[in-house]
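Chemist: Sharing a structure below in structure tokens format, with a few things to ask.
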Amino acid sequence: MKYSAGFAPDEHRIQKSQMLNWASRFNICVLLDNHGYDSPHQSKEWLLAVGATASFQPTDTATLDAFMQAHQAKWIFGHISY
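First residue of the sequence shown: 1, per my numbering; consecutive thereafter.
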């Protein structure tokens, strides 16, 4: 994760709207929202990612598996489709 920021709970609604407004200028963006779900495995209410530093299009599962192994324990936003 290159940058991060934290906000007070009472500012969340305003901050979420501002984050989405800012992100809308990018061709690629994703906002992950846990909707207040309480879990010991999460520490963030939202995660926002914008833009792309690289694109990865594997042609077989072995290549995808190797990529996933090389990037364990790192935040990588994206999607998988077929």
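Cβ coordinates follow ideal geometry from the N, Cα and C atoms, glycine included.
1. Relative to the alpha-carbon of residue 49, which residue among 32, 80, 60 has its alpha-carbon at the smallest distance?
2. Quick check: residue 75 and residue 47, are their CB atoms within less than 9 Å of each other?
3. Below 8 Å on the Cβ atoms is my contact criterion, and I expect residue 80 with residue 52 to pass it. Report the Cβ-Cβ distance as a whole number of Å.
4. If you drop the 5 nearest sequence neighbours on each side, which residues of the same chain put their C-beta closer than 8 Å to that of residue 66?
5. Quick check on residue 65: does DSSP put it in helix, strand or coil?
6. If you compare alpha carbons, which of 20, 55, 60 is closest to residue 30?
7. Can you name the start and end residues of the beta strand (DSSP E) that residue 49 belongs to?
Modeler: By the coordinates alone:
1. 32
2. Going by C-beta atoms, residue 75 is nearer than 9 Å to residue 47.
3. About 15 Å separates the two Cβ atoms, so there is no contact after all.
4. none
5. helix
6. 20
7. Note, residue 49: beta strand (DSSP E), 46–50.
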